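Structure, as structure tokens:
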Amino acid sequence: MVSRKKRSHKDDAQEQLARPWCYYCERDFDDVKILHSHQKAKHFKCERCRKPLNTAGGLAVHMTQVHKETLKEVKNAIPGRESTEIEIFGMEGIPEDVLQAHHTRIMAQIHQKESERRVAQGLPPLGHEGAAKKKIKVDSVDPEEIMKRLAAHKAAHVGGGAAAPVGTGSQSPISAHDTGGNASPAPPPSAMSPVYPPNTFNAPPSATPPPFQPQQYGMPPAPQFPTPPAPYAQPSQAPFYPPAQQGYNQPPAQPYSGFPPQSQPSYGGYQHPQPQIQPSFGGYPQQQPAQSYPPAQTPYHPPPTQNPPSFHQPPPAQAQPLPSTIPPPQNIPGLPVRPNIPGLPPRPNFSTPPNSGNTYHAPPNPQPSYPGVSHQVPNRSMSPGSNQFFPPPMSNGYQAIPPKPFPQPPHQQQGGGGNGEVIINGDQVILSGGKDWTGNPIPQAVVPPKPIDPVEPKAEGKKKDDKDAAKAIDKEKEKEDTGRRKDKETKMVYSDNDYSPEEKRAALAKYAAFGIKIHPASTGEKLDTEMTSS
Amino acid sequence: MSNNFEVEATISDAISSVNYSPAATTHLLVSSWDQTLRLINTHAGTSGRELLQIDSQAPLLDACFTGSDGKFAAAGGLDQTVKYFDLDRGSFSTLGSHESAVKSVCYNSEVDAIMSGSWDRSLHLHDPRAASTTSKHTLPHKIFSLSTIANKLVVAMASRSIHIYDLRNMAEPFQRRESSLKFMTRTVRCMPNGEGYASSSIEGRVAVEFFDPSKESQSRKYAFKCHRQPEGDIDVVYPVNALAFHPTYGTFASGGGDGVVALWDGVAKRRLRQYQKYPASIAAMGFSSDGKYLAIASCNGFEDGKESVPSPDNKLFVREMGDNEAKPKSMG
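Chains A and B, in that order, give the protein sequences.
FYI, the working numbering numbers position 206 of the first sequence as 214, with every residue one higher than the one before it.
FYI, the working numbering numbers position 306 of the second sequence as 574, with every residue one higher than the one before it.
Right under this line is the structure:
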């Protein structure tokens, strides 16, 4: 990055984000093949025989079958990533939250470097550019108008403060966007104003993802801010969103802490900012959440991803066209406020995987959610940039999953190697009507529903991955089984279990002088009976 | 890679055992069904030279060096006696006798005793200095193979029975076990480190087990298939006739009825090497005391229907192991 200063740091960021990286050690690589070989060599190599396997599951199977040992953890993994239950293959199978955390980290790094660079060059700090613009806009706004809005805002803040936290929980990101839109006299840029739930949702299919995009990318603030940037460009908005601007510059910015429920699970550190926002827009959050997605929202606050699913449902088809229309999401918090980043539009797609999982949880939504899932797939294809960012996980997961995943429930379980996640999947499926995606009844026994906790999103995110994992494991098994497990028909060259070859030999005529005899019918030797008894 | 060569020897019948001397790394003790015990310097000249040939007056089923100087040996055979050979003088004396052929003999240096096992289900201990039998033990089954290390004696018997004795207390078996292999035990060999033993069966399988009766140790035991050759859809399974542990690395070689010798890393549970097929069934194997050489006896007569086949191919090979050839991977 630094070496190529001529390139916009936006491009660098994209490039950086697009680099395949290793789940186990956070190293990044030039391409996925190298990543694969790295994982084979560093994480999936059998300690016993040094055979490189493709996945942790494969290694576990190998260890079990070949060495009769149990794989306890993945080697050379950073703490917390040693689990063998997560099926990682290259970029595939990385849990959503980890993926997000990684992106957050990368963006933070990029941002820091950029900041340093700017400091070194005497440029204004990141985000200030945008602020300046906004200020100008602010000036253009009528002072009275500003005061009015401020008053209204305060009032809303006070009144809506209580409701905001809960209701927004799931949708909070969107609400933030919406609020931005509303505040601005001309909501156009951010179409997602609360007032227009339909729009928000329609656009969102792609739009909904935007809120989550940030999460996925690992940049907590991003989700909230993406939309705002556009609004800010407009003078009128400026007064209301001064904090927001700061927020852009600083991902963790407090002003946006209004979305704790969602953010907490996923972002951990970024929780605080969201709550604040909500209060400011108190009125909006309430409306949105309550109206459109009451059931889903409250129960599933913890998983950040859950919200998106709900949104996808309504306007699946529409969503696709929207990607282009959604400039805000593109903005990356760490980056200077750039409304549209060419490569980034696809992000919405990323959010989809988790969503799909979430949708299953929410009883009311389940069915709608399925369509949404399918939509997501198309969206992906729609979004040009998506591939760049997470080609393997996204593409494979999506494509592979929709067709085969549920049809083969048993596989999933196998693939999961008995880990709870698979079960969860099965559970989810059952909850959604006892049928898989294809509509086939699910043979699995009903698994007691697990309490919904922040961890679940992971599981859901893995759903698809699990399937892949299952496949991978099956493959591995097939490989390793060939010639082993299958007990071939065998023909023993020496099949006499009673007399050893030497005894038989000794009974030959040429050794007759030594009196060794064999009694096939158990005449002479008592041993015969003994042996047959065994 | 290893260098393999055939040792010239005038052995007219199947070879029953090959053992390298504990003192001279190139001296090989060879017992044969042709009623002779030979001492061969496998590295004299280009293809070895017979140093000694003693007519034991009966087909020998097993032999071993006794003591640590490589000057004495014990052997047993179809004449039901256990003989004590003075290799310097080329003479022998009888230590004792069983009521059936003596299938296996071994020597333990810690207690300085010779153990002999017979198809008559008896185990005898002999004192080589006193040239006498010191104790006799009746076991439940025919004895097929003996192996000893440290103060342990492993007795592999018919009916998949295995007894492990503590040589300091021969009154009762230290452990009675059933082989983890489902077919007749062919041979048993103790690990050089004294932790356990490997046994092989007629059904192309080798088991590795440990003495320590603790659950932890016992969970380490395992068995694996080997010496099988696919023919169409059928796996032809050969008996594993011979096992030999590398004295320093603890890896071991297995020799099967398919004429194949394979080298295994019992710790990593991985095959290190598989050598080109030998002309006939592998009957016996033995590592030299320094682990540099592996003597391999190849002869017909150990598979169904081949017992009576005249086997002109009673050949003796020596494989010179490369420096790291038998080294387990785990040792880098």
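Even glycine gets a Cβ: it sits at the ideal position worked out from N, Cα and C.
What you are looking at is a predicted structure, and each value in this text was computed from that prediction instead of being measured.
Euclidean distance between Cα positions of residue i and residue j
i                 : j                 : result
Glu484 of chain B : Phe478 of chain B : 10 Å
Ile349 of chain A : Gln22 of chain A  : Residue placement at Ile349 of chain A is poorly supported in this model, since its pLDDT is 45, which falls under 50; the coordinates still yield a value, given next. The straight-line gap from Cα to Cα measures roughly 9 Å.
Ala170 of chain A : Val127 of chain A : Note on Ala170 of chain A: pLDDT 45, under 50, position unreliable in the model; the coordinate value appears next. Looking at the two C-alpha atoms, the distance is approximately 41 Å.
Val106 of chain A : Thr72 of chain A  : 28 Å
Ser368 of chain B : Ile524 of chain A : 8 Å
Pro509 of chain A : Arg357 of chain B : 33 Å
Tyr378 of chain A : Glu77 of chain A  : The predicted position of Tyr378 of chain A is uncertain, since its pLDDT is 39 and thus under 50; no value can be drawn from it.
Ala594 of chain B : Phe555 of chain B : 11 Å
Ser336 of chain B : Ser469 of chain B : 30 Å
Ala331 of chain B : Leu307 of chain B : 11 Å
Gly313 of chain B : Phe273 of chain B : 12 Å
Phe412 of chain B : Arg488 of chain B : 25 Å
Met383 of chain B : Gly88 of chain A  : 56 Å
Leu67 of chain A  : His44 of chain A  : 14 Å
Gly559 of chain B : Met589 of chain B : 8 Å
Asn271 of chain B : Arg587 of chain B : 6 Å
Ala164 of chain A : Arg157 of chain A : 10 Å
Neighbourhood of residue i by C-beta distance below 6 Å, restricted to the same chain and skipping five residues each side
i                 : result
Lys545 of chain B : Gly527, Val528
Asp503 of chain B : Arg496
Arg445 of chain B : Ile430
Gly462 of chain B : Ile417, Ala418
Gly342 of chain A : For Gly342 of chain A, the predicted structure reports a pLDDT of 45, less than 50, and the residue's modelled location is therefore unreliable. The matter cannot be settled from this model.
Ala291 of chain B : Asp337, Gly338
Distance CB(residue i)-CB(residue j) smaller than 8 Å
i                 : j                 : result
Phe585 of chain B : Val298 of chain B : no
Leu363 of chain B : Ala342 of chain B : yes
Leu391 of chain B : His409 of chain B : no
Tyr561 of chain B : Tyr288 of chain B : yes
Val606 of chain B : His311 of chain B : Nothing in the structure corresponds to residue 606 of chain B, since chain B is present only between 269 and 600.
Ser448 of chain B : Val456 of chain B : no
Gly345 of chain B : Leu328 of chain B : yes
Ala530 of chain B : Arg541 of chain B : yes
Gly385 of chain B : Val422 of chain B : no
Lys597 of chain B : His75 of chain A  : no
Val474 of chain B : Met500 of chain A : no
Trp387 of chain B : Glu511 of chain A : yes
Pro507 of chain B : Tyr502 of chain A : yes
Arg28 of chain A  : Gly98 of chain A  : It is Pro, not Arg, that sits at residue 28 of chain A in the sequence shown. Against a cut-off of 8 Å, the Cβ pair of Gly98 of chain A and Pro28 of chain A comes out as a contact.
Assumed close pair residue i, residue j - CB separation to whole angstroms, cut-off 8 Å
i                 : j                 : result
Asn84 of chain A  : Tyr31 of chain A  : Actually they do not touch by this definition, with Cβ atoms about 12 Å apart.
Val370 of chain B : Gln348 of chain B : 6 Å
Ile322 of chain B : Asp302 of chain B : At roughly 12 Å, the Cβ-Cβ gap does not stay under 8 Å, so Ile322 of chain B and Asp302 of chain B are not in contact.
Gly534 of chain B : Thr516 of chain B : Contact doesn't hold; Cβ gap of about 14 Å is too wide.
Met452 of chain B : Asn62 of chain A  : That belief does not hold up - the Cβ atoms of Met452 of chain B and Asn62 of chain A are roughly 40 Å apart, past 8 Å.
Tyr352 of chain B : Ala399 of chain B : 6 Å
Neighbouring residues, chain A, relative to residue i (Cβ below 8 Å)
i                 : result
Ile502 of chain B : Lys496, Glu497, Thr498, Lys499
Gly525 of chain B : Val501, Tyr502
Ala475 of chain B : Here the premise fails: no neighbours, minimum Cβ distance about 12 Å.
Chain-order list of residues whose beta-carbon lies under 8 Å from that of residue i (same chain, five-residue window excluded)
i                 : result
Pro481 of chain B : Gln443
Pro460 of chain B : Ile417, Phe513, His514, Pro515, Thr516, Gly518
His46 of chain A  : Cys30, Arg35, Phe37
Leu511 of chain B : Thr455, Val456, Arg457, Ala466, Ser467, Ser468, Val474, Phe520, Ala521, Ser522, Gly523, Met553
Asp581 of chain B : Pro547, Ala548, Ser566, Cys567, Asn568
Ala491 of chain B : Ser448, Leu449, Arg473, Val474, Ala475, Val476
Proximal chain A residues relative to residue i, where beta-carbon distance stays under 7 Å
i                 : result
Phe585 of chain B : Simply none; closest approach about 20 Å.
Within chain B, the residues that residue i reaches when beta carbons sit closer than 8 Å
i                 : result
Ile524 of chain A : Leu346, Ser368, Ala369, Trp387
Lys76 of chain A  : Tyr490, Lys537
Where residue i meets chain B, residues with beta-carbon distance less than 7 Å
i                 : result
Asn505 of chain A : Phe451, Met452
Ser7 of chain A   : Residue 7 of chain A falls outside the range modelled here, since chain A spans only 9 to 542, and no answer is possible.
Glu511 of chain A : Trp387
Arg56 of chain A  : Ala536, Lys537, Arg538
Own chain, CB closer than 7 Å to residue i, minus 5 neighbours either side, in chain order
i                 : result
Pro60 of chain A  : Lys48, Ala49, Phe52, Lys53
Lys493 of chain B : Gly472, Arg473
Ser377 of chain B : Ser336
Leu355 of chain B : Leu307, Leu320, Lys339, Phe340, Ala341
Distance cut-off 7 Å: residue i Cβ against heavy atoms of the ligand SAM
i                : result
Gly98 of chain A : Among the components modelled here there is no ligand, and therefore nothing to report on the ligand SAM.
Contacts of residue i in chain B (Cβ-Cβ under 9 Å)
i                : result
Tyr31 of chain A : Residues of chain B passing the Cβ test: none, with the nearest at roughly 27 Å.
Closer than 9 Å at the beta carbon, the chain A residues around residue i
i                 : result
Leu329 of chain B : Glu510, Ala514
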